[in-house]
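Trainee:
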Amino acid sequence: MLAAALGTAVTLAAFPLPAAAQTSDLAYRTATRIGASIEACWFKSGDAAFAGYVYSPEPNASGGPRILIVPRDQPAATPLLAIQFIDKGGRIDISAFGPLATSGHAPRIGADLKRWLAGGSGCR
Numbered sequence: 002m003l004a005a006a007l008g009t010a011v012t013l014a015a016f017p018l019p020a021a022a023q024t025s026d027l028a029y030r031t032a033t034r035i036g037a038s039i040e041a042c043w044f045k046s047g048d049a050a051f052a053g054y055v056y057s058p059e060p061n062a063s064g065g066p067r068i069l070i071v072p073r074d075q076p077a078a079t080p081l082l083a084i085q086f087i088d089k090g091g092r093i094d095i096s097a098f099g100p101l102a103t104s105g106h107a108p109r110i111g112a113d114l115k116r117w118l119a120g121g122s123g124c125r
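The structure is reproduced here in structure tokens:
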């Protein structure tokens, strides 16, 4: 687990982590803010690492807000990365799981999520 400032955490795993996710305004706002950074830094910037993918924010998912990353040419495919936002009593934890979470991109994904979760902005 990567500890981030402000009592937040980012976990990268190959498979979903069991969690009693609670939907909250804080989780929704955090997912929206980080989703904007993901869009700007990973996709709209033309970053080669994410050129083959598209993202799909799901702010109202039943287990809490999440963002899915899928192959660009197969938007209905199983996500290669799922980022879930979990309210842990006033602090947000992020769980990121799927094949990209254990790929060569994992350090970059973890560093970006950690920075954005801690309130940082901008791209690497």
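Residue numbering for the sequence shown is 2 to 125, as defined by the working numbering.
Glycine included, each C-beta is placed from N, C-alpha and C at the ideal position.
Taking only the alpha-carbon atoms, compute the straight-line gap between SER122 and ARG116 and give it to the nearest angstrom.
Mentor: In the sequence shown, residue 122 corresponds to position 121, counting from 1. In the sequence shown, residue 116 corresponds to position 115, counting from 1. Answer to the nearest angstrom: the Cα atoms are 7 Å apart.
Trainee: Nearest-angstrom Cα distance between SER63 and GLY105?
Mentor: For the purposes of this step, residue 63 is taken as residue 62 along the sequence shown, with counting starting at 1. For the purposes of this step, residue 105 is taken as residue 104 along the sequence shown, with counting starting at 1. In a straight line, the C-alpha of SER63 is about 30 Å away from that of GLY105.
Trainee: How should ARG67 be labelled, buried or exposed, when 16 other C-beta atoms within 10 angstroms of its C-beta is the threshold for buried?
Mentor: As a working mapping, residue 67 is identified with position 66 in the sequence shown. It counts as buried.
Trainee: Return the bridge partner residues of LEU118 from the DSSP annotation.
Mentor: In the sequence shown, counting from the first residue as 1, residue 118 sits at position 117. The partner list for LEU118 (beta bridge, DSSP) is empty, contrary to what the question assumes.
Trainee: Could you tell me which uninterrupted beta strand (DSSP E) segments, each at least 3 residues in length, are contained entirely in the stretch 23 to 98, listed from first to last along the chain?
Mentor: 54 to 59, 67 to 72, 82 to 88 and 93 to 98
Trainee: Is the beta carbon of TYR54 sitting closer than 7 Å to the one on ILE39?
Mentor: By 1-based counting over the sequence shown, the position of residue 54 is 53. By 1-based counting over the sequence shown, the position of residue 39 is 38. Cβ distance not < 7 Å, so TYR54 and ILE39 don't count as in contact.
Trainee: For a test of the three-state rule: what should DSSP assign to ARG123, helix, strand or coil?
Mentor: If you number the sequence shown from 1, residue 123 lands on position 122. It should be noted that the sequence gives Gly, not Arg, for residue 123. Looking at GLY123 - three-state DSSP - the assignment turns out to be coil, as it is neither helix nor strand.
Trainee: Would GLY99 and LEU82 be called neighbours here (beta carbons separated by less than 7 Å)?
Mentor: Position 98 of the sequence shown, counting from 1, holds the residue named residue 99. Position 81 of the sequence shown, counting from 1, holds the residue named residue 82. Closer than 7 Å, so yes.
Trainee: Work out the CA separation of ASP26 and ALA50 for me, nearest whole Å.
Mentor: For the purposes of this step, residue 50 is taken as residue 49 along the sequence shown, with counting starting at 1. For the purposes of this step, residue 26 is taken as residue 25 along the sequence shown, with counting starting at 1. Looking at the two C-alpha atoms, the distance is approximately 31 Å.
Trainee: Can you tell me whether DSSP reads GLY105 as helix, strand or coil?
Mentor: The count along the sequence shown starts at 1 and reaches residue 105 at position 104. Coil.
Trainee: With a Cβ-Cβ cutoff of 7 Å, do ILE91 and PRO58 count as a contact?
Mentor: Taking the sequence shown and counting its residues from 1, one reaches residue 91 at position 90. Taking the sequence shown and counting its residues from 1, one reaches residue 58 at position 57. Inspection of the sequence shows that residue 91 is occupied by Gly rather than by Ile. Contact: no.
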